[in-house]
Amino acid sequence: MQTKKDITPEELYQILHNVRVGGTVCKYTLKKCEEFVPLINEINQLKEEQDAVILAHSYVSPEIVYGVADFVGDSYALSKDAMSTNAKKIIFAAVRFMGDTAQILNPHKEVLIPGLLDGCTLADAINGEQVRQLRKEFPDYTFVCYINTTAEVKAECDVCVTSANIYDIVERIPNQKIYFLPDKLMGANLIVEMKKRGIKKDIQFFNGICYVHEEYTPEQIHKIRLEYPDAKVVSHPECSPAVVENSDFIGSTSQMLTYMKKTEAKEFLMLTECGLSSRLEVEFPNKKLVGSCTLCKYMKSNTLEDILRVLKSPTDRDRVILDPKIRDRAYKTIEAMFRYVEG
Ligand code: 13P
Ligand code: SF4
């Protein structure tokens with residue numbers, strides 16, 4: 595891992611001054627950067643002393659992404675980063691289930707979670723007992739769980755997927771009968787995509803929802819297209835099928851960024867959490883956002899103050915502590931994902 599040298603408020607301001615959305619503050623002024631810098635430099639120094647790395651999802655605040663994170667990405671990329679790091683300690687700035695996944699992949703490492711809100715509307719939608727009941731109701735089905743689930747739920751399923759690989763993995767699963775959980779909009783999108791690919795599967799799904807992506811409507815897209823006819827609409831597969839159908843690109847958060855980087859288009863409506871919009875503002879300043887985005891309160895419950903706190907004096911609540919039996923069974927489900935991705 596590369597050591598981060600101390601940053602000055604002016605350098606931080608230079609990185610963040612274009613950000614209008616997606617942060618814990620409305621505007622990144624030089625004064626705000628002066629407040630962040632002592633925290634950032636202390637975190638980076640402690641990380642080095644403790645042989646720790648910080649993994650951050652693109653949805654967390656820009657001062658974390660650009661100030662202290664060693665790895666930034668979507669949930670699939672972060673799982674791989676968690677697996678490949680040699681550091682002794684992992685600080686996971688995202689949501690608890692992503693930290694759990696890092697621990698499942700690294701049983702001998704300490705994984706700390708600075709986020710103060712534990713849930714996520716998808717991960718909270720279903721528990722292990724409900725999956726056990728569903729398996730009795732659908733005995734011949736392969737149970738596919740989204741990564742946005744607890745370790746207990748993963749332990750009851752067969753294969754884990756993320757937004758980056760769900761379609762390819764479900765296509766490759768030999769069983770015709772698939773039960774997908776917990777996101778009902780992603781489940782509906784999965785059915786549409788399999789039909790488009792000419793794949794015949796009986797797909798059942800649960801009724802969970804992501805409160806951030808559920809909000810978007812095709813009407814919003816039509817309004818933006820009238821005002822900005824050249825804008826490209828980029829959406830996440832947790833959006834409704836009607837939104838997906840009216841979008842120019844659908845993909846995981848990292849795939850969305852790659853698309854926006856590659857295309858010639860200059861204006862984008864991004865139907866996902868604001869953190870990704872702020873990455874566009876910082877990394878592609880010649881590209882413009884149109885329309886609005888939505889904040890995820892769970893991802894935004896990560897702060898520099900809490901990252902510093904878990905480095906200095908972690909409590910049991912900050913640590914990922916899993917029942918070894920659950921961890922071993924959840925590992926098999928996550929490992930199945932890597933096997934299917936590798937073909
Ligand atoms: P990604 O896997 O695309 O990062 O999505 C995670 C997530 O929580 C989206 O709401
Ligand atoms: Fe969960 Fe939705 Fe937030 Fe992602 S954006 S962490 S799915 S609530």
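Mapping of the sequence shown onto the numbering used here: residues 595 to 937, in sequence order.
Cβ coordinates follow ideal geometry from the N, Cα and C atoms, glycine included.
Note that the structure is a prediction, hence the values are computed from the model and not measured.
Host alpha helix (DSSP H) of residue i (start-end)
i: Phe932; result: Pro918 to Glu936
i: Val828; result: Looking at the DSSP string, Val828 is not in any alpha helix (DSSP H); the run it does join, the beta strand (DSSP E), is Lys826 to Ser829.
i: Phe582; result: Outside the shown range of the chain, which is 595 to 937, sits residue 582, and nothing can be said about it.
i: Gly869; result: Cys868 to Glu877
i: Glu839; result: Pro835 to Glu839
i: Leu779; result: Lys778 to Lys790
i: Leu820; result: Pro812 to Glu821
i: Glu808; result: Per DSSP, Glu808 belongs to no alpha helix (DSSP H) and is neither H nor E.
i: Glu765; result: Ile760 to Arg766
i: Ala745; result: Ala745 to Ala749
i: Arg903; result: Leu898 to Lys906
i: Ala696; result: Arg690 to Leu699
i: Leu716; result: From DSSP, Leu716 is part of no alpha helix (DSSP H); its letter is neither H nor E.
i: Ile609; result: Pro603 to Leu610
Residue i burial status per 10 Å Cβ neighbour count (16 or more: buried)
i: His702; result: exposed
i: Val786; result: exposed
i: Asn783; result: buried
i: Ile684; result: buried
i: Thr909; result: exposed
i: Thr715; result: buried
i: Ser652; result: buried
i: Asp668; result: buried
i: Leu779; result: buried
i: Thr744; result: buried
i: Lys790; result: exposed
i: Ile844; result: buried
i: Pro708; result: buried
i: Pro823; result: exposed
i: Asn896; result: buried
i: Ile938; result: Missing from the structure shown is residue 938; the chain here goes from 595 to 937 and no further.
i: Pro768; result: exposed
i: Asn742; result: buried
i: Thr679; result: buried
i: Gly802; result: buried
i: Asn880; result: exposed
i: Met692; result: buried
i: Gln775; result: The sequence given here has Leu at residue 775, not Gln. Classification of Leu775: buried, given that the 10 Å Cβ count is 16 or more.
i: Glu918; result: Looking at the sequence itself, residue 918 is Pro, so the reference to Glu does not match. That one is exposed.
i: Lys626; result: buried
i: Ser673; result: buried
i: Gly937; result: exposed
i: Ser829; result: buried
i: Ser907; result: exposed
i: Glu875; result: buried
i: Arg921; result: buried
Opening and closing residue of the beta strand (DSSP E) in which residue i lies
i: Gln798; result: Asp796 to Phe799
i: Val753; result: Val753 to Val755
i: Ile685; result: Lys683 to Ala687
i: Leu775; result: Lys771 to Leu775
Residues that DSSP places opposite residue i in a beta bridge
i: Leu624; result: Leu624 pairs with nothing; no bridge assigned.
i: Phe732; result: Phe732 pairs with nothing; no bridge assigned.
i: Phe862; result: Lys826 and Leu883
i: Phe843; result: Val828
i: Leu889; result: For Leu889, which the question treats as bridged, DSSP gives no partner whatsoever.
i: Arg913; result: Leu706
i: Gly802; result: Asp777
Within-7 Å CB hit, residue i to chain D
i: Glu657; result: Reference to chain D is not applicable here, since this structure consists of a single protein chain.
- request: Determine, using beta-carbon pairs with one atom in the region 861–872 and one in the region 833–850, whether at least three such pairs fall under 8 Å.
  value: yes
- request: For the region 645–672, list the beta strand (DSSP E) runs that are entirely contained and at least 3 residues long, ordered along the chain.
  value: 646–651 and 665–667
- prompt: Touching or not, the region 811–823 and the region 871–887, by the rule of three or more beta carbon pairs under 8 Å?
  reply: yes
message: Under 8 Å: do the region 710–729 and the region 631–651 share three or more Cβ pairs, one atom per stretch?
response: no
- prompt: So, do the region 896–913 and the region 675–693 have three or more beta carbon pairs nearer to each other than 8 Å?
  reply: yes
message: I'd like to know if the region 789–808 and the region 853–860 are in contact, where contact means that at least 3 CB-CB pairs between them fall below 8 Å.
response: no
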